[in-house]
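Q:
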Amino acid sequence: MTTRHVGVVGLNYWGPNLVRNFDDLAKLTWLCDLDAKQLAQIGSRYPDARTTTNFGDLLADDDLDAVVIATPVPTHYALAKQALEAGKHVFVEKPPAMRAAEMDELVALADAQDRVLMPGHLLLYHPGVLKVKELIDKGELGDVLCVYGNRVNLGIVRSNENALWSLGVHDLSVILYFLDEDPELATAQGSASIHAGIEDVVFCFLRFPSGKIAHMHLSWLDPHKMRKMTVVGREKMVVFDDMEPERKVTVYEKRAGADGELFSGDISIPKIETTEPLRRECTYFLELIAGEHDKGKVARDGARVVRALEMLTTSLNG
Ligand SMILES: NC(=O)c1ccc[n+]([C@@H]2O[C@H](COP(=O)([O-])OP(=O)(O)OC[C@H]3O[C@@H](n4cnc5c(N)ncnc54)[C@H](O)[C@@H]3O)[C@@H](O)[C@H]2O)c1
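Counting in my numbering, the sequence shown runs from 30 upward without gaps.
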């Protein structure tokens, strides 16, 4: 595969993880952050990369193939749009836009420019999530009836993003990936007890045209740290638990007793790969640039997530 020139913008908490991976997998040629101190600190670890506080410097470099965006969510749309207009491939942290119309615009722009627009939905590259999807698609669980996610803990309570946008975007991307349909109903209720107007606890309910339903419990105010998704099929149920060091995926058989009572049958733990999801995600981006896989699909799947987020936000605000 041709070695691509990659620049990363946004170098505070998450950006350095992307920097580390793209430095290994590609040629890291630019590092960019508005904060000169942060830029100097990360820049000192990668002396071969040029540093700048001006995003325009990356766009003006004709040798730069791709831009990786790890800035705060409200900046994603504008930065991604500028990068696509400059003819760069774009990896942008989740979600790439805060409104469905803006996301549709980015998808159309990427298509018109024949460039990759990949949203950073990390869990879609997690071997455990891929295993659950494989079980669903092979029909191992029987018809899927419902999916629910718990993403709760006592954590960083962000002052500019609520639990739906910060935590829920992960589960939502997985639910939509598992079910492969858009919800016809998406409702959310929440409360903001720390920062006024920024919900720290949110409960979401989604219903799909096929009749399947999904639920998400998202919270920064919980005594337990849970990163769990459960898929209930007509025949089997599967739990993906990212807090488990080894037993990430567990499959439960469902048995029916003579009196109609349901009880658990055999329990199995499928073997899953141990590759770091972020490494797989970054590799996938470079493969998309190289023409492997369907680049339109990752962008359209990202748009599906933003549409559902918008529906949930409308309900939450209502
Ligand atoms: N995939 C994951 O698991 C995961 C985990 C954490 C964060 N994230 C995502 O990563 C992104 C960054 O999160 P974070 O927690 O690192 O944010 P952060 O606010 O800690 O850091 C953002 C950095 O971007 C810089 N920045 C802002 N606007 C800029 C601009 N126009 N040009 C250049 N630099 C700019 C800021 O100076 C700051 O250093 C967010 O979209 C977040 O949702 C993803």
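All C-beta atoms, glycine included, are put in the ideal place defined by N, C-alpha and C. The structure displayed is predicted, hence computed values, not measured ones.
#1: In the DSSP assignment, find the unbroken alpha helix (DSSP H) run with residue 88 in it and report its ends.
#2: With residue 262 and residue 172 assumed to form a contact (beta carbons below 8 Å), what rounded beta-carbon distance in angstroms separates them?
#3: Do you know whose CA, among 250, 246, 265, lies nearest residue 257's CA?
#4: Are residue 183 and residue 231 close, meaning C-beta to C-beta below 9 Å?
#5: For the alpha helix (DSSP H) holding residue 102, just list the boundary residues, first then last.
#6: What are the complete alpha helix (DSSP H) segments, minimum 4 residues, inside the stretch 252–323?
#7: Name the one or two DSSP bridge partners that residue 177 has.
#8: Classify residue 31 as helix, strand or coil using the three-state DSSP reduction.
#9: Less than 8 Å between the CB of residue 105 and some heavy atom of ligand 1, yes or no?
#10: Taking Cβ positions, are residue 60 and residue 81 nearer each other than 9 Å?
#11: Answer yes if the stretch 118–125 comes into contact with the stretch 143–156, meaning at least three C-beta pairs across the two stretches below 8 Å, and no otherwise.
#12: Measuring only from the beta carbon, is residue 323 closer than 8 Å to any heavy atom that is part of ligand 1?
#13: For ligand 1, I want to know if residue 102 counts as a neighbour, meaning its beta carbon is within less than 8 Å of at least one of the ligand's heavy atoms.
#14: Can you check whether the CB of residue 41 is closer than 9 Å to the CB of residue 311?
#15: Determine contact between the stretch 94–101 and the stretch 65–76, defined as no fewer than three beta-carbon pairs at a distance below 8 Å.
#16: Can you tell me whether DSSP reads residue 148 as helix, strand or coil?
#17: Using alpha carbons as the reference points, say which of 128, 101, 63, 37 lies closest to residue 332.
#18: Using only the heavy atoms of ligand 1, determine whether one of them is closer than 8 Å to the beta carbon of residue 123.
#19: Could you give the first and the last residue of the continuous beta strand (DSSP E) run that contains residue 122?
#20: Is the CB-CB distance between residue 134 and residue 110 below 9 Å?
#21: Can you tell me the Cα-Cα spacing of residue 36 and residue 174, whole angstroms?
#22: Is it buried or exposed for residue 207, if we count other Cβ within 10 angstroms and need 16 for buried?
#23: Taking 8 Å as the line, does the beta carbon of residue 84 fall inside it for any heavy atom of ligand 1?
#24: Among 304, 216, 177, 324, which residue has its Cα nearest to the Cα of residue 270?
#25: On the criterion of 16 or more Cβ atoms from any shown chain inside 10 Å, does residue 157 qualify as buried, or is it exposed?
#26: Could you work out which residue in 317, 100, 140 is closest to residue 124 when comparing CA atoms only?
#27: Please classify residue 150: is it buried, with 16 or more other beta-carbons within 10 angstroms of its beta-carbon, or exposed?
#28: Can you tell me whether DSSP reads residue 158 as helix, strand or coil?
A: Let me spell this out:
#1: Taken as a continuous stretch (DSSP letters only), the alpha helix (DSSP H) holding residue 88 covers 84–88.
#2: About 6 Å separates the two Cβ atoms, so the contact holds.
#3: Comparing Cα positions, the closest option is 246.
#4: No.
#5: DSSP places residue 102 inside the alpha helix (DSSP H), whose first and last residues are 102–114.
#6: The qualifying runs are 306–318.
#7: According to the DSSP secondary-structure assignment, residue 177 is paired through a beta bridge with 244, 259.
#8: Coil.
#9: Correct: residue 105 has its Cβ closer than 8 Å to ligand 1.
#10: In this structure, residue 60 lies near residue 81, with their beta-carbon atoms less than 9 Å apart.
#11: In short, these stretches touch, since the Cβ pair count reaches three.
#12: Checking the Cβ of residue 323 against ligand 1 gives no.
#13: True, at least one ligand heavy atom lies under 8 Å from that Cβ.
#14: No.
#15: Touching, no.
#16: Here residue 148 sits in strand by DSSP.
#17: Closest by alpha carbon: 128.
#18: Taken from the Cβ of residue 123, at least one heavy atom of ligand 1 lies inside 8 Å.
#19: Looking at the DSSP string, the run of the beta strand (DSSP E) that includes residue 122 is 118–122.
#20: Taking 9 Å as the cut-off, the Cβ atoms of residue 134 and residue 110 count as close.
#21: Computed Cα separation, rounded: 43 Å.
#22: With 16 or more other Cβ atoms inside 10 Å of its own Cβ, residue 207 counts as buried.
#23: Yes, the Cβ of residue 84 comes within 8 Å of a heavy atom of ligand 1.
#24: Of the candidates 304, 216, 177, 324, the residue whose Cα lies closest to the Cα of residue 270 is 177.
#25: Around the CB of residue 157, 16 or more other CB atoms lie within 10 Å, so the residue is classed as buried.
#26: Out of 317, 100, 140, 100 has the C-alpha closest to the C-alpha of residue 124.
#27: Buried, by the Cβ-count rule.
#28: Note: residue 158 maps to helix in three-state DSSP.
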